[in-house]
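This report concerns only the one structure given below.
Protein chains: 2
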Amino acid sequence: MSKKNSEPTPKNTLGMDVSVDCVVFGFDNDTLKVLLIEQKQPDTVHLKTQNAVPGDLVLDNESLDEAAKRILQELTSLKGIYLKQFHAFGDPNRVRGLKDQQWLRTFRVNPERRVLTIGYYSLVKLSEFKPKAASFAGKTYWVDVYNIPSLAFDHNEIVHKALLMLRHELMADHIGFELLPEKFTLSQLQKLYEIILDKKLDKRNFRKNILRTETVTALEEKQQGVLHKPAQLFSKK
Amino acid sequence: MSKKNSEPTPKNTLGMDVSVDCVVFGFDNDTLKVLLIEQKQPDTVHLKTQNAVPGDLVLDNESLDEAAKRILQELTSLKGIYLKQFHAFGDPNRVRGLKDQQWLRTFRVNPERRVLTIGYYSLVKLSEFKPKAASFAGKTYWVDVYNIPSLAFDHNEIVHKALLMLRHELMADHIGFELLPEKFTLSQLQKLYEIILDKKLDKRNFRKNILRTETVTALEEKQQGVLHKPAQLFSKK
DNA sequence: TCAAAAGTGTTCCAATTACACCCATGG
DNA sequence: CCATGGGTGTAATTGGAACACTTTTGA
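Encoded structure:
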């Protein structure tokens, strides 16, 4: 717009790096968690470690969905995990912060190259999740989604937007059980909804609603070993 | 996944081209239209012309939203047009069709480079739309969204997904008036909804609903020069 | 006076909300 | 027998769906 045509328009002849970042949600019966990684460290020098959402460059011949699946499978051995693309983040300066420069210079073939990222979010059953060493990550850990530390790049914004999208989809498609074990009680499910939506729900109304949607089905089985009336167990239909 | 580590993982060291494609919707009181362009032609040889949705590579230092805005402004001089990012299309073979190879070899600095595109859709008031010559396009024209010819690349899929997203957002956010002139009647608005949603609506219920949402406001003005009872005019609130 | 679209209300049913007590179990 | 969470119903309100006739204008 502001360029005069004395200079040719700056076509992006260098290309861009394209990455996929996965906001992995997990639920521990009390808090909604997001999986963070420590950015991997060079073997030689020591960088100030930063936290980030797991992500990696998209490989040649790999679709975006495949890249997201790969990233998830490098972190755990789970299959069939819920994954959804939710937004592309393409600010030209999104990796230009001082805090991110050294890491890029260490790990990227072309550290000056612009990086576009496609955001996915993913729902995993925390009970079954066993972290694995991933090529792109150091240690991994879970943090409360309502208490996220300062992250690398624009990852705080990415997590925030993922949460908004998750709320939307929870209401529309009732995908909550993806975050719970195979067998769960309606109280667990309700608590999950309350924490994701960040508001209290009425027990009787919640049950009526969930049962009407027919996304879950009652098992012929009850909770065991609890110090109160054991609850009916449900699983996804 | 299937790679053994005898070969290094094929990192995308070439980078990708990143483009933005805009599905521009317009409404002519009868049909919902999509703006297509003829792919631009080289001055020398003559290619079989293909149709496509307007789009262009994202420039250096340009965000995705800015690129989408620029593409739209190169096609028309309208400002303040409704624009929304809706999906990233990243299949590694999305531009590998035979039909697209010659065009890429003619117009791209790196025709072999993988191209990722970010899909936007846009709502314009057809009444105010005056096409302009755009750097990336030959002729432009409008076609019925329910009768789209075969397009370049994966643009048929892009248009289809844009329509699904538009339907969603029309119901949720009542953005329909973005496709109508400043002043419109409720019958026009209803017809627009019917065509986008592809189903008939009840007149009385439609009016009750729209007025309850308070997204439109009645003007002190009526239709003129119609051969029936003139309708109340409305504008967006 | 006719044709054409504008405009308007009511009834019925389904969904949403608010609300409080008894029950089954383990310790 | 007590503490803990599990489990249940009803009434009031609100929103959605179905449905048909009268009005205003220009020709």
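Chains as they are written, first to last, in the numbering used here: chain A, 1 to 237; chain B, 238 to 474.
Backbone N, C-alpha and C define an ideal beta-carbon position, used for all residues, glycine too.
DSSP-derived helix/strand/coil call for GLY225(A): As a working mapping, residue 225(A) is identified with position 225 in the first sequence. It is coil, neither helix nor strand.
Partners in chain A for ARG350(B), counting only beta-carbon separations shorter than 8 angstroms: As a working mapping, residue 350(B) is identified with position 113 in the second sequence. Residues of chain A passing the Cβ test: GLY15.
Through-space distance from ASP328(B) to ARG167(A), alpha-carbon basis: Counting from 1 along the first sequence, the entry for residue 167(A) is found at position 167. Counting from 1 along the second sequence, the entry for residue 328(B) is found at position 91. For ARG167(A) and ASP328(B), the distance between alpha carbons rounds to 28 angstroms.
ASN330(B) versus ASN442(B) - alpha carbon distance: Here residue 330(B) refers to the residue found at position 93 of the second sequence. Here residue 442(B) refers to the residue found at position 205 of the second sequence. Computed Cα separation, rounded: 47 angstroms.
Three or more C-beta pairs below 8 angstroms linking the stretch 309–329 of chain B and the stretch 92–108 of chain A: No, the stretch 309–329 of chain B is not in contact with the stretch 92–108 of chain A.
Contact check, ASP495(B) vs ASN347(B), beta carbons under 8 angstroms: With chain B covering only 238 through 474, there is no way to say anything about residue 495(B).
Minimum length 4: unbroken alpha helix (DSSP H) runs contained in the stretch 42–109 of chain A: As far as the stretch 42–109 of chain A is concerned, its whole alpha helix (DSSP H) runs of at least 4 residues are 64–75 and 98–107.
Any chain A beta carbon closer than 8 angstroms to GLN322(B): Your numbering for residue 322(B) matches position 85 in the second sequence. Closer than 8 angstroms: yes.
Between the CA atoms of ALA409(B) and SER424(B) - distance to the nearest angstrom: Mapped onto the second sequence, residue 424(B) falls at position 187. Mapped onto the second sequence, residue 409(B) falls at position 172. So the two alpha carbons sit approximately 20 angstroms from each other.
Residues, ordered as in the chain, of the stretch 132–166 of chain A that lie near chain B by beta-carbon distance below 7 angstroms: Here the close residues number zero.
Proximity below 8 angstroms, CB of PRO181(A) to CB of SER135(A): Here residue 181(A) refers to the residue found at position 181 of the first sequence. Here residue 135(A) refers to the residue found at position 135 of the first sequence. Remark: C-beta atoms of PRO181(A) and SER135(A) do not approach each other more closely than 8 angstroms.
Cutoff 8 angstroms: LEU273(B) Cβ touching any chain A Cβ: Within the second sequence, residue 273(B) is the residue found at index 36, counting from 1. Interface residue (Cβ-Cβ distance to chain A less than 8 angstroms): LEU273(B) is not classified as such.
Chain A within 8 angstroms of VAL290(B), Cβ atoms only: Locating residue 290(B) in the second sequence gives position 53, where the first residue counts as 1. For VAL290(B), the answer is no, since every Cβ of chain A falls outside 8 angstroms of its Cβ.
Identity of the residue in THR217(A), GLN85(A) and ILE195(A) nearest SER19(A) by Cα: Here residue 19(A) corresponds to residue number 19 of the first sequence, with the count starting at 1. The option with the nearest alpha carbon to SER19(A) is GLN85(A).
Span of the beta strand (DSSP E), counted from its first residue to its last, around GLU112(A): Along the first sequence, one-based indexing puts residue 112(A) at 112. Neither: GLU112(A) is in no beta strand (DSSP E) and is coded neither H nor E.
Within 8 angstroms, strictly: CB atoms of LEU242(A) and ALA52(A): Because residue 242(A) is not part of the residues shown, which for chain A are 1 to 237, the question remains open.
Any C-beta of chain A under 8 angstroms from that of ALA305(B): The count along the second sequence starts at 1 and reaches residue 305(B) at position 68. Not closer than 8 angstroms to any Cβ of chain A, the Cβ of ALA305(B) fails to qualify, so no.
Validate contact between the stretch 138–154 of chain A and the stretch 48–66 of chain A using beta carbons, cut 8 angstroms, 3 pairs: Look at the beta carbons and you see the stretch 138–154 of chain A touching the stretch 48–66 of chain A: at least three pairs across the two are nearer than 8 angstroms.
Straight-line gap, THR277(A) to ARG333(B) (C-alpha atoms, nearest Å): In the structure as shown, chain A starts at 1 and stops at 237, and residue 277(A) therefore has no counterpart that could be examined.
Buried/exposed call for GLU451(B), threshold 16 Cβ in 10 Å: Along the second sequence, read from residue 1 onward, the residue named residue 451(B) stands at position 214. A residue is called buried when at least 16 other Cβ atoms come within 10 angstroms of its Cβ; GLU451(B) does not meet this threshold and is exposed.
Identity of the residue in GLU349(B), HIS324(B) and GLY317(B) nearest LEU416(B) by Cα: If you number the second sequence from 1, residue 416(B) lands on position 179. Of GLU349(B), HIS324(B) and GLY317(B), the residue nearest in Cα terms is GLY317(B).
Cβ-based burial, ARG70(A) [other Cβ within 10 Å; buried from 16]: As a working mapping, residue 70(A) is identified with position 70 in the first sequence. ARG70(A) is buried by the Cβ-count criterion.
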